[in-house]
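There are 2 protein chains.
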Amino acid sequence: MLRISRLTDYGTMILVHLAGQDAGLCSASDVAAGTHLALPTVQKLLKTLAKSGLVGSVRGADGGYRLTRAPEEITAAEILNVLEGPVAITECSTETHQCELEPLCQVGSAWQKINRAIRSVMEDIRLSDLRRPPTEFVLKDLRQSPVANPYSHGS
Amino acid sequence: MLRISRLTDYGTMILVHLAGQDAGLCSASDVAAGTHLALPTVQKLLKTLAKSGLVGSVRGADGGYRLTRAPEEITAAEILNVLEGPVAITECSTETHQCELEPLCQVGSAWQKINRAIRSVMEDIRLSDLRRPPTEFVLKDLRQSPVANPYSHGS
DNA sequence: ACGAAATTGGACTAAAATAGTCCTAATTGA
DNA sequence: TCAATTAGGACTATTTTAGTCCAATTTCGT
Numbered sequence: 588m589l590r591i592s593r594l595t596d597y598g599t600m601i602l603v604h605l606a607g608q609d610a611g612l613c614s615a616s617d618v619a620a621g622t623h624l625a626l627p628t629v630q631k632l633l634k635t636l637a638k639s640g641l642v643g644s645v646r647g648a649d650g651g652y653r654l655t656r657a658p659e660e661i662t663a664a665e666i667l668n669v670l671e672g673p674v675a676i677t678e679c680s681t682e683t684h685q686c687e688l689e690p691l692c693q694v695g696s697a698w699q700k701i702n703r704a705i706r707s708v709m710e711d712i713r714l715s716d717l718r719r720p721p722t723e724f725v726l727k728d729l730r731q732s733p734v735a736n737p738y739s740h741g742s
Numbered sequence: 588m589l590r591i592s593r594l595t596d597y598g599t600m601i602l603v604h605l606a607g608q609d610a611g612l613c614s615a616s617d618v619a620a621g622t623h624l625a626l627p628t629v630q631k632l633l634k635t636l637a638k639s640g641l642v643g644s645v646r647g648a649d650g651g652y653r654l655t656r657a658p659e660e661i662t663a664a665e666i667l668n669v670l671e672g673p674v675a676i677t678e679c680s681t682e683t684h685q686c687e688l689e690p691l692c693q694v695g696s697a698w699q700k701i702n703r704a705i706r707s708v709m710e711d712i713r714l715s716d717l718r719r720p721p722t723e724f725v726l727k728d729l730r731q732s733p734v735a736n737p738y739s740h741g742s
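Heads up: the sequence lines are chains A and B, in that order.
Residue 588 is where the first sequence starts when you use the working numbering, and the numbers rise one by one after that.
Residue 588 is where the second sequence starts when you use the working numbering, and the numbers rise one by one after that.
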């Protein structure tokens, strides 16, 4: 269904949480508590994020994690990149893989075209855009117009 | 990696093949031969495509499949829809699923925004765009400017 | 120096999604 | 009736994803 994995979703939640802590260090347990995700999962994801450079880490007691850049400067494309690997809609569109059917395959560059289009959409969305407004605002909005709730589910 | 499944890729190859046969009926074996895909796989996919209405079928001897609409009138969004289900980048963005974390989740409507953006890109691409030009054209293009080969792999 | 609180790296298992194959029934043309 | 074909679905194997846990290392505070 062209969906991102659950871990990527969690990873994004973690990044959003860190974005809300300004430059302060957060331990994995802090993040787990703040996001309501399981600690081992959070630990695993923070390691991935730290290795990618999107997040910096400080070891030892009182250590923790924090964003290395402002949320406005981190794109959704980067996040996807780090958490799921490069956007590549088919196996053919990865760099390493050489499709054996390629000389026969009628499906040409179009998936790549779609690929680029998606990537460009992703590059326009920043971590700061992913952050949900404070709850008060949402509730107020709900009271005024419950049907038009912008946070309801469904496409 | 935000990729479509292999079956969707195959399904697209099949549609492209049918698009190349004008309105003539193709049996599953014809399609398998034409696409170099395994016959059982092709049979399975054609059944899916037929059920969706994108492809029509005629049963019995000399039966087969054909597109029900012109390739120009079939969008990539529809194809994805039929082969992978509706584009829904997170579980939260499906209609049925009600995320338990929703009241707590800081990640708001942004994935849905991305969702819509991707869908709209997909709706601009038609089956007719997915078809690769005849080989002669590609080779000529290669001769003139090998580096700029639009069919090379890699993003 | 020691111990507590962290991150690091990676192994490991379990669960779920995907791919692929096959069988039986129904339909149709010759 | 027979051969060719689609229809529907069961079934298995493979691969991917999720999730947990352990042992090592680093650093702060006492």
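Cβ coordinates follow ideal geometry from the N, Cα and C atoms, glycine included.
*Compare the C-beta of B/P721 against all C-beta atoms of chain A and say whether one is closer than 8 Å.*
Your numbering for residue 721 of chain B matches position 134 in the second sequence. Any reading at B/P721 needs caution, since the residue's pLDDT is 49, under 50, leaving its predicted position unreliable; the model's value is listed next. With 8 Å as the cut-off, B/P721 does not count as an interface residue toward chain A.
_Cβ of B/A663 within 8 Å of any chain A Cβ_ = Translated into positions along the second sequence, residue 663 of chain B becomes position 76. Chain A, which has a Cβ nearer than 8 Å to the Cβ of B/A663, makes this yes.
*Quick one: which chain B residues come within Cβ less than 7 Å of A/A704?*
Residue mapping note: residue 704 of chain A aligns to position 117 of the first sequence, counting from 1. What A/A704 touches in chain B: V708.
*Would the beta-carbon of B/I601 fall within 8 Å of that of B/V618?*
For the purposes of this step, residue 601 of chain B is identified with residue 14 of the second sequence, where counting begins at 1. For the purposes of this step, residue 618 of chain B is identified with residue 31 of the second sequence, where counting begins at 1. Yes, they are a contact pair.
*Taking all protein chains shown into account, do 16 or more other C-beta atoms lie within 10 angstroms of the C-beta of A/D596, making it buried, or fewer, making it exposed?*
By one-based count along the first sequence, residue 596 of chain A stands at place 9. Label assigned to A/D596: buried.
*Can you tell me the Cα-Cα spacing of A/P721 and A/D609, whole angstroms?*
Within the first sequence, residue 721 of chain A is the residue found at index 134, counting from 1. Within the first sequence, residue 609 of chain A is the residue found at index 22, counting from 1. Note that A/P721 scores a pLDDT of 49, beneath 50, so its modelled location is shaky; the value from the coordinates is reported in the next line. So the alpha carbons of these two residues sit roughly 16 Å apart.
*asked:* Once the 5 residues before and after A/V645 are set aside, which same chain residues still bring their CB inside 7 Å of it?
replied: One-based indexing of the first sequence puts residue 645 of chain A at position 58. So the list reads L612 and G651, once near-sequence residues are dropped.
*What does A/I701 reach in chain B if we use C-beta pairs closer than 8 Å?*
The sequence position of residue 701 of chain A within the first sequence is 114, counting from 1. For A/I701, the chain B residues whose C-beta falls within less than 8 Å of its own C-beta are A663, V708, M709 and I712, listed in chain order.
*A/G607 versus A/R593, A/G647, A/L654 and A/P627, residue with shortest Cα-Cα distance*: Within the first sequence, the letter at position 20 stands for residue 607 of chain A. The option with the nearest alpha carbon to A/G607 is A/L654.
*asked:* Under 8 Å, CB to CB, which of the residues in the stretch 639-669 of chain A have a partner in chain B?
replied: A663 and L667
*Which residues bound the beta strand (DSSP E) around A/R653?*
On the first sequence, residue 653 of chain A is found 66 positions in, with the first residue counted as 1. From DSSP, the beta strand (DSSP E) with A/R653 extends over G651 to L654.
*What residue range is occupied by the uninterrupted alpha helix (DSSP H) comprising B/S644?*
What you label residue 644 of chain B is simply residue 57 of the second sequence in a count that begins at 1. Note, B/S644: premise wrong, no alpha helix (DSSP H); beta strand (DSSP E) at V642 to V645.
_Boundaries (first-last residue) of the alpha helix (DSSP H) holding B/S616_ = Counting from one through the second sequence, the residue named residue 616 of chain B turns up at place 29. A615 to T622 is the extent of the alpha helix (DSSP H) around B/S616.
*How about B/A615 and B/L626: are their beta carbons less than 8 Å apart?*
Taking the first residue of the second sequence as 1, we reach residue 615 of chain B at position 28. Taking the first residue of the second sequence as 1, we reach residue 626 of chain B at position 39. Closer than 8 Å, so yes.
*CB of B/T635 within 8 Å of CB of B/R713, strictly*: Position 48 of the second sequence, counted from the start, is the residue given in the question as residue 635 of chain B. Position 126 of the second sequence, counted from the start, is the residue given in the question as residue 713 of chain B. No. Outside cutoff.
*Three-state secondary structure (DSSP) at A/R706?*
For this step, residue 706 of chain A is matched to residue 119 along the first sequence. Helix.
*Is the beta carbon of B/T599 sitting closer than 8 Å to the one on B/I666?*
Your numbering for residue 599 of chain B matches position 12 in the second sequence. Your numbering for residue 666 of chain B matches position 79 in the second sequence. Yes, the Cβ-Cβ distance between B/T599 and B/I666 is below 8 Å.
*Classify B/A664 as buried or exposed, calling it buried when 16 or more other Cβ atoms lie within 10 Å of its own Cβ.*
As a position in the second sequence, residue 664 of chain B is number 77, starting the count at 1. Buried: at least 16 other Cβ atoms inside 10 Å.
*Can you name, in chain order, every residue of its own chain whose Cβ lies under 8 Å from the Cβ of B/G643, other than the five neighbours on each side?*
Your numbering for residue 643 of chain B matches position 56 in the second sequence. Answer for B/G643: A637, Y652, R653, L654 and T655, listed in chain order.
*Skipping 5 residues on each side, what residues in its chain have a beta carbon closer than 6 Å to that of A/S715?*
Numbered from its first residue, the first sequence carries residue 715 of chain A at position 128. Closer than 6 Å at Cβ, skipping near neighbours: P658 and E659.
*Per DSSP, what kind of secondary structure is A/R593 in: helix, strand or coil?*
The count along the first sequence starts at 1 and reaches residue 593 of chain A at position 6. In the structure shown, A/R593 sits in a helix (DSSP, three-state: H, G or I).
*When the Cα atoms are used, what is the spatial distance from A/M709 to B/V603?*
In the first sequence, counting from the first residue as 1, residue 709 of chain A sits at position 122. In the second sequence, counting from the first residue as 1, residue 603 of chain B sits at position 16. One C-alpha to the other measures close to 28 Å.
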